Each structure stands twice: as structure tokens, then as C-alpha cells.
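Residue numbers (the numbering used here): 20 to 273. Glycine included, every Cβ here is placed at the ideal spot set by N, Cα and C. Please read these numbers as outputs of a predicted model, since none were measured by experiment.
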């Protein structure tokens with residue numbers, strides 16, 4: 020009888036453990052919205068973007084029940100010296116989190132994530148109407164009279180200011196050498212891209228002597244020729260820069 024009683028007690032204990040809840044049912048938080056390509060381009064430090072240098076910023080943020088980020092802390096940035104973390108405050112509003120749930124109820128918490136600055140992929144092959152010789156001649160005049168100067172003294176001319184101050188002059192020299200080497204070939208690519216970025220109505224107006232203009236971003240995202248010219252410049256700069264300064268997008272301490 021004593022042996023039977025012991026077995027019954029053990030069985031009751033097993034059944035009790037089987038029926039116990041092992042812990043809360045937790046669904047982890049996940050990121051459901053990130054900045055779009057245009058916003059990432061705007062936040063990409065100018066020199067690093069022109070040179071096609073990848074960068075990462077490791078973040079940890081709390082989030083509200085609505086999924087917006089708050090109380091964010093930078094956990095690491097690489098490579099250093101290129102200011103990948105400078106525009107982070109402007110990007111954080113573009114992120115949205117699906118909060119964690121505990122037993123089906125939204126619960127506060129924190130989320131770790133990486134803001135990744137990566138060079139863009141090449142645009143697809145051009146499928147629009149071919150750029151005519153007349154359009155190209157007109158576009159070349161615009162590039163020579165306006166866009167080449169904007170290009171030289173705008174973003175490109177100030178790109179060296181987006182790196183650590185002790186690198187200003189070396190980086191400025193790298194930019195000059197790379198853009199000079201590409202020279203007329205890039206101006207021709209810019210002229211073609213100018214036409215390719217136009218809507219059909221804008222192209223008809225352009226042929227009649229009008230010009231509405233296009234943003235650099237629009238030109239880069241539609242023109243394989245301009246992308247190729249920029250990629251050649253990027254390779255020249257990146258090769259020279261990375262021979263002198265760290266370029267790996269690897270988290271410090273790993």
C-alpha cells in the first residue's frame with residue numbers, strides 16, 4: 020500500500036507540472052517601417068555616398084505603444100570618420116515598430132536595430148524613347164552652362180566637409196582627381212540622364228526650347244549611363260581613401 024501511495028503521489032506531481040503554465044506568451048517587437056531610398060540618400064554623408072562607402076550605425080531605442088521610437092542611444096558606428104551617425108536624429112521619425120506583446124497585450128520595451136547606409140543598385144536598362152541627337156546637344160549646353168557648375172560647387176564641392184576635419188584636404192584632393200579623370204565622359208552621361216529623367220510632356224516641351232529641370236536623385240535612379248560614370252568615380256575615390264583610412268562597416272569591438 021505504501022508503494023502504491025508513493026506512485027500515485029509521483030503521478031499527481033507530474034500531472035500538476037504538465038498543467039502548469041510555463042511562462043507568459045511573448046511575441047517580440049519587430050521593425051515594420053524604415054526610411055525610403057530617397058530619405059536614406061539625403062541622410063547619407065555626402066563624401067561616403069559619392070565614394071560608395073558602406074556604413075552602419077547600431078542603435079537601441081525604446082518605443083511607444085503606437086510604435087514610434089524614443090530614448091534612442093547609439094551603440095556603435097563604422098567606419099568612423101565619415102559621420103554616418105550625424106543625420107540619425109532626422110531618420111528616427113521614419114521608423115515604426117510593431118511593439119512586443121505579452122499574452123496578447125502590447126507591452127513597452129526596447130528594440131535593437133542597425134541603420135545601414137548602402138550604395139544603391141544600378142537602375143534597370145533604359146526602356147524609354149531613345150535620346151535623340153538634338154536632345155543630347157541641347158542637354159549638353161545646359162550641362163555646360165548650369166549643371167556642371169552646380170555639380171562642381173554644390174554637393175561635390177562641399178563633400179570633403181562631410182568627413183572628420185583632419186581629413187578635409189586629403190579628401191578634397193581625392194575628389195578633384197577622380198572627377199577630373201572622368202571629365203567629359205561624365206558630363207555626357209549627365210546630359211543623357213537629364214533627358215531620361217524627363218516625363219514625356221517635359222521632353223516635348225524640351226524639344227520646343229523649354230526646360231523644367233530634374234533633380235540629381237531622379238537622374239541617378241533612371242540613367243544607367245550616369246550610374247556607370249558615377250560608379251567609376253566612386254571606385255577611384257574608394258580605392259584611394261580606403262588605402263589610407265578604415266572602411267570596414269564592422270561594429271567596433273567585434
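- Residue range 88-97 is occupied by the beta strand (DSSP E) that includes residue 95.
- When the beta-carbon positions are compared, residue 117 and residue 56 stay at least 8 Å from each other.
- Checking the DSSP bridge columns, you'll see residue 80 partnered with 130.
- In terms of CA proximity to residue 155, 228 leads the group 228, 133, 268.
- Boundaries of the alpha helix (DSSP H) around residue 241: 235-241.
- Boundaries of the beta strand (DSSP E) around residue 49: 49-52.
- Around the beta carbon of residue 177, fewer than 16 other beta carbons lie within 10 angstroms, which makes this residue exposed.
- When the five nearest sequence neighbours on each side are left out, the beta carbons in the same chain lying within less than 7 Å of the beta carbon of residue 147 are those of 215, in order along the chain.
- Residues of the same chain with a CB within less than 8 Å of the CB of residue 174, apart from the 5 flanking positions on each side, are 65, 69, 235 in chain order.
- Counting every other CB atom within 10 Å of its CB across the protein chains shown gives residue 242 a total of 16 or more, marking it as buried.
- Inter-residue distance for residue 52 and residue 104 is about 19 Å (C-alpha atoms, whole angstroms).
- Assignment of residue 259 by DSSP, reduced to helix, strand and coil, places it in the helix class.
- About 39 Å separates the CB atoms of residue 107 and residue 150; that is not less than 8 Å, and the two are not in contact.
- With respect to the 8 Å criterion, residue 97 and residue 267 are classified as neighbours on the basis of their beta carbons.
- Residue 79 and residue 226 have their C-alpha atoms roughly 53 Å apart.
- Contact annotation: residue 138 and residue 73 have beta-carbon atoms nearer than 8 Å.
- The criterion of a C-beta distance shorter than 8 Å is not satisfied by residue 254 and residue 212.
- In the three-state reduction of the DSSP assignment, residue 73 falls in the coil class.
- Under the three-state reduction of DSSP, residue 65 is assigned to helix.
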